[in-house]
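Trainee:
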Amino acid sequence: MKVHLHFTFGPVQGFVAQARRTRDLYAGSFLLSHLALKAMEAAANAQGDVILPEFKTIKALGNHPHAIAPNRFVAEFKDEESAAKAGRAAAAALREEWQRIAETVWDSFLIEAAKVGCGTRQIWEHQIQNFWEIAWAVGDEKDTDLLDRRKNWRTPPLTHQPGDHCTLMGQWQELSGFFRSKDRQSQDRFWEAVRKGMQNQLDLEEDERLCAIAFVKRLFPVVAKAAIGRDLDMENWPSTVSIAAVPWLKRIKTADTKVLDLCRAYADMVRYEPGALVRGTRRIRALQDFPASAGEFPYLSGNFLNRTALKNERGTPLKQEALRPELLEELHKLEKETDDRAGNFYGLLLMDGDSMGKLIREHGAGQVASCLTGFASQAPDLIEKADAGGVCVYAGGDDVLAMLPLDTALATVVTVRQAYREAFRTNGISQATISAGLVFAHYRCAFSRVLAYAHELLDDVAKDGAGRDAIAIGVLKPGGVTCQWAQKFDDFSKNGTNCFEPLVRAYEKEATRESRGLSSSFLYNLRERFAELFDDKGAHSAGCNAGAPQTEDAPFDNETLTDLFVAEYLHGCLDKDPRKANEQREAAKKLMSQLIAVCWQADARYPNQRRFDLDGARLVKFLALDGKEGAE
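Heads up, the sequence shown is in the numbering used here, so the first residue is 4 and it goes up one at a time.
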């Protein structure tokens, strides 16, 4: 009889999601993956066969620049005693590796500063030793839910901490040990001593006071060579504002000589400003092979490409503040010449396989692992290829985490979903599905907030609300969520494209006067006239009393909705020639049918049916404008 060891550790969200910058997200994901591989290696060395994921295959992949291992695994043994011994060995190996990495960070950055702290070493040891929750269970190979049952009676460590708390992971005490309300000077002296020991002052900003876990996550990439034996290119991760600028940069890449000369001149003006030249954009393949005549323009930080960011004195400091108006004027010239500008929004994508336990029960862990390994080996290239222009943070098992430019995000989701399904189909499993949560976030939104919303979209909206095999999309601005939409993947994606693409093209045709399409005024009028009928939140913001929600068993069927929308679309525009007027009606019906299709969306409040919501129309406008609405 074969015996399986099921192993997991966390908290994943508490470690990865609490990130202030893309570097934190990368470091947290990579470190989690590294610890998982150490635990798997210990289980394999204890005469086990790690079958989920395929440890041997993952190990053979070499030094990936992103995280590749999930935080749980299944290993096969000949008997329970061997499996239990391996479980203890895996837990010990994980803790030992974590402790070793933490000590490397301590010795490099805190050993001297701790002398002016108040119990810093004690705080450090308590937090490092009590952070990870490790759970494992041993049982028959058919007992696939053992680990879930084991976790139901776990006793999580107490995390109530005294003193001032970490500015990144708020449930943990910051390392100085001083109370800011009583001894601000001593606390500031401690953190100033920490910063003095760093070569790059941007590693720790002046307002950051971190706990041990956040400190390890932030500084781990700096000492990676000493800690884990390999360098991590910590500077090669673009900021959110840089990713938001990618659509504009791609258009500039094919611009004429006059534009490229302006680019070079602007880059020459700002290149010596603090943080102006970054390596992060070099990771974005869409920006590679930029014309040499543009100089160092494609390597500029997004802070110097985005007008809002450049106006921010604190976010984009200059050597001489008096130069800021001149830089803004030069940037404006470039925007005017290209008739475009850097955007404010980027996409954060989370994808997760559906009903994995059921698949394992029906097809076995080995076969499922083979499918997942095939998918995980493809996903990074699909996300980072030139026409996608994204950055893969994590691709391991059935999970994906990536940052994407707004203009390619939807197409990339379709491609990754197709790859997932194909990886299973080639192994004879046709029913495997994956769900996605995609946030279009303003670059000024706190990263932890964006990640939390992405998980909400994935778990609560796409999986629980839409019933899995679905995508949920939300637009997040500093003031909150302005638009949310969800549909089954089969409705979202057909024939290799997505349901928004023809509507976005129609909007662009109207904007360029190429032909009659969709306009901002038409979409606005739809919301103003009909929101009240559909219990749309636009009605509330307009001061109306919303009516009953419009679901598929409500009075308005698709034919009635089409007639309503066509009447609004053609109001005052019908040609006097009956033949031409009829052609107008037919074209309008086709376009309105496409628009109505994206306004139907899944909603957990209405099981087994869809709800009509004008958020679909809002999303069309947002996508067509690359999120560049108004003066924002």
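Every residue gets a Cβ at the ideal spot worked out from N, C-alpha and C, and that includes glycine.
Within the same chain, show all residues whose beta-carbon is closer than 6 Å to that of E338, passing over the 5 residues directly before and after it, in chain order.
Mentor: Correct list, in chain order: R344.
Trainee: Would you kindly check if the distance between the Cβ of P277 and the Cβ of L290 is under 9 Å?
Mentor: For L290 and P277, no; Cβs fall outside 9 Å.
Trainee: Mind checking A95: buried by the 16 CB within 10 Å criterion, or exposed?
Mentor: A95 comes out exposed.
Trainee: Suppose the cutoff is 7 Å on Cβ atoms and the five residues either side in sequence are ignored; what does the same chain contact list for E340 look like?
Mentor: Within the same chain, E340 has close Cβ partners K261, V262 and L265.
Trainee: Assuming L178 contacts W127 under a Cβ cut-off of 8 Å, what Cβ separation, rounded to an integer in Å, is found between them?
Mentor: Correct: roughly 6 Å between the Cβ atoms.
Trainee: When burial is assigned at 16 or more other CB atoms within 10 Å of the CB, is K81 buried or exposed?
Mentor: Exposed is the call here.
Trainee: Ordered along the chain, which non-local residues of its own chain (more than five positions away) have a Cβ less than 7 Å from that of G672?
Mentor: Past the edges of the chain, shown from 4 to 635, lies residue 672, and the structure says nothing about it.
Trainee: Check for me: the alpha helix (DSSP H) holding C266 runs from which residue to which?
Mentor: Unbroken alpha helix (DSSP H) run through C266: T260 to V273.
Trainee: Would M406 pass as an interface residue toward chain C - the criterion being a Cβ-Cβ separation below 9 Å?
Mentor: Absent from the structure: chain C. Only one protein chain is present.
Trainee: The beta strand (DSSP E) spanning Q490 covers which residue range?
Mentor: Its beta strand (DSSP E) spans residues G483 to K491.
Trainee: Could you have a look at N501 and say whether DSSP puts it in helix, strand or coil?
Mentor: Correct three-state label for N501: strand.
Trainee: Pair every Cβ in the stretch 222-241 with every Cβ in the stretch 100-114, then say whether three or more of these pairs are closer than 8 Å.
Mentor: Output reads yes: the stretch 100-114 touches the stretch 222-241.
Trainee: Could you tell me how far apart the beta carbons of I287 and P241 are, in whole angstroms, since I believe they sit closer than 8 Å?
Mentor: Their Cβ separation, rounded to whole angstroms, is 6 Å, which keeps I287 and P241 in contact under 8 Å.
Trainee: Could you give the first and the last residue of the continuous alpha helix (DSSP H) run that contains S451?
Mentor: S451 -> alpha helix (DSSP H) spans F450 to E459.
Trainee: Give, in chain order, every unbroken run of the alpha helix (DSSP H) that is at least 4 residues long and sits entirely within the stretch 173-249.
Mentor: As far as the stretch 173-249 is concerned, its whole alpha helix (DSSP H) runs of at least 4 residues are 183-199, 215-222, 227-231 and 243-247.
Trainee: Look at the Cβ atom of L171, then the Cβ atom of V244, and state whether they are nearer than 9 Å.
Mentor: No, these two residues do not count as a Cβ contact at 9 Å.
Trainee: Would the beta-carbon of A439 fall within 9 Å of that of I474?
Mentor: Result yes, Cβ atoms of A439 and I474 sit closer than 9 Å.
Trainee: For the alpha helix (DSSP H) that S373 lies in, which residues bound it at each end?
Mentor: Where S373 is concerned, the enclosing alpha helix (DSSP H) stretches over A368 to E387.
Trainee: What would DSSP say about I287, mapped onto helix, strand or coil?
Mentor: Coil, per DSSP.
Trainee: Would you tell me roughly how many angstroms separate the C-alpha atoms of L454 and S518, rounded to the nearest one?
Mentor: Distance between the alpha carbons of L454 and S518: 40 Å.
Trainee: Tell me, please, whether the stretch 328-335 touches the stretch 387-395 by the rule of three or more beta-carbon pairs shorter than 8 Å.
Mentor: The stretch 328-335 is not in contact with the stretch 387-395.
Trainee: If you compare alpha carbons, which of D146, Q16 and N501 is closest to L35?
Mentor: Considering only alpha carbons, the answer is Q16.
Trainee: Let me confirm a value: E57 is counted as buried when at least 16 other C-beta atoms fall within 10 Å, else exposed. Which label applies?
Mentor: Looking at its Cβ environment, which holds 16 or more other Cβ atoms inside 10 Å, E57 is buried.
Trainee: Note down the Cα distance separating G619 from W603, rounded to an integer number of angstroms.
Mentor: C-alpha separation (whole angstroms): 8 Å.
Trainee: Is the beta carbon of F559 sitting closer than 9 Å to the one on L598?
Mentor: For F559 and L598, no; Cβs fall outside 9 Å.
Trainee: In terms of DSSP beta bridges, what is Q604 paired with?
Mentor: DSSP lists R614 as partners of Q604.
Trainee: In the DSSP assignment, what are the bridge partners of Y349?
Mentor: Answer is P408 and A444.
Trainee: Using CA atoms only, rank isn't needed, just tell me which of H168, K199 and E144 is closest to A117.
Mentor: Checked all of H168, K199 and E144; the closest Cα to A117 is K199.
Trainee: Can the beta-carbon of A39 be found closer than 9 Å to that of A72?
Mentor: Against a cut-off of 9 Å, the Cβ pair of A72 and A39 comes out as a contact.
Trainee: Leaving out the 5 sequence neighbours to the left and right, which residues in its chain are closer than 6 Å to A297 when beta-carbon positions are compared?
Mentor: So the qualifying residues of the chain are L263, C266 and R267.
Trainee: Under a three-way DSSP split, which group does K314 fall into?
Mentor: Helix at K314.
Trainee: With C-beta atoms as the reference, is A87 less than 9 Å away from G51?
Mentor: No, these two residues do not count as a Cβ contact at 9 Å.
Trainee: Below 8 Å, how does it come out for the stretch 485-492 and the stretch 573-583: are there three or more Cβ pairs, yes or no?
Mentor: Short answer: they don't touch.
Trainee: Between T11, K466, W139 and L626, which lies nearest to D606 when the distance is taken from Cα to Cα?
Mentor: For D606, the nearest C-alpha among the options comes from K466.
Trainee: Threshold first: 4 residues or longer. Then list the alpha helix (DSSP H) segments lying entirely within the stretch 15-57, N to C.
Mentor: If we require 4 residues or more, the alpha helix (DSSP H) runs fully inside the stretch 15-57 come out as 25-48.
Trainee: Of all the options D210, S373, K62 and M201, which has the alpha carbon lying nearest to the alpha carbon of R187?
Mentor: Taking only the C-alpha atoms, the option nearest R187 is D210.
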